[in-house]
Amino acid sequence: MSVALQGEVSSKPMVIKGGHVVFKVSIGRGEIWCAAYKPSGEVREVAERLIEGDVVKVYGGVRRLPTTGELSINLEKLAVVRATRDVGEKNPPCPMCHKTLKSSGRGGLKCLRCGFKVKGKLKIKVEQDRSIIEGFYLPPPRSMRHLAKPLRRYGLEKQGYYKVEEGKVELKEVLL
């Protein structure tokens, strides 16, 4: 059975044996495992760069994990709806020589260049580059199932249908 679900990434993606990537997506009241297999190319690479809090739409086949019996989605397509900001912490620069302070153990920080010391744990917040773009990701054609639509065909859907009456062909508009 194939599904399309939108949810929030609730666990850090893990690379498992064989180069496959697995992560959990929170959907409503529950969570479901998602697996991006190594041959799925860009889908796998994007899945590996996801972080907790990203909103994604996952498309694929559903199966039960043989070990735990939990449901899992084998990813066939992946859409990053919203990428959250990745904010990390780092040690502040030295006020004297501007080199990054290093930990001096339990009690504080020190500068290895000029010897400046400060007591306490001081961290500054830094936004880190995500290298992930919101959008739609498909595996390479060699990894697609035979009925999957290639990315270059998206947006080219038919906008109407033909009606044939007594030798007369007429195009009827249909709003999608």
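In this note's numbering, the protein residues as written are 19 to 194.
We put the CB at the ideal spot given by N, CA and C, even for glycine.
**Report entry** Among ARG82, VAL73, PHE154, the one whose alpha carbon lies nearest that of ILE45
**Finding:** VAL73
Query raised in the report: For GLU49, which residues from the same chain have a beta carbon less than 6 Å from its beta carbon, with the 5 sequence-adjacent residues on both sides left out?
Result: SER28, LYS42
Query raised in the report: ALA97 lies in the beta strand (DSSP E); which residues open and close that run?
Result: 89-100
Query raised in the report: Exposed or buried, what is CYS115 when buried is set at 16 or more other beta-carbons lying within 10 Å of its beta-carbon?
Result: exposed
Query - First through last residue of the alpha helix (DSSP H) which encompasses ARG62 - result: 60-66
**Report entry** Proximity to GLY79 [Cα-Cα], best of ILE34, ASN109, PRO110, SER90
**Finding:** SER90
Requested in this report: In angstroms with no decimal places, state the Cα-to-Cα distance between TYR55 and ARG160.
Outcome: 13 Å
Requested in this report: Return the residue from the list ALA65, LEU23, ARG124, GLU26 that minimises the CA-CA distance to ILE34.
Outcome: ALA65
Report task. Specify, as a first and last residue, the run of the beta strand (DSSP E) that CYS132 falls within. Result -> It is not in any beta strand (DSSP E) - CYS132 carries neither H nor E in the DSSP assignment.
Report task. Sort VAL61, LEU174, LEU127, LEU83 by Cα distance to GLU152 and report the nearest one. Result -> VAL61
Report task. Sort out for me which residues DSSP pairs LEU23 with in a bridge. Result -> VAL76
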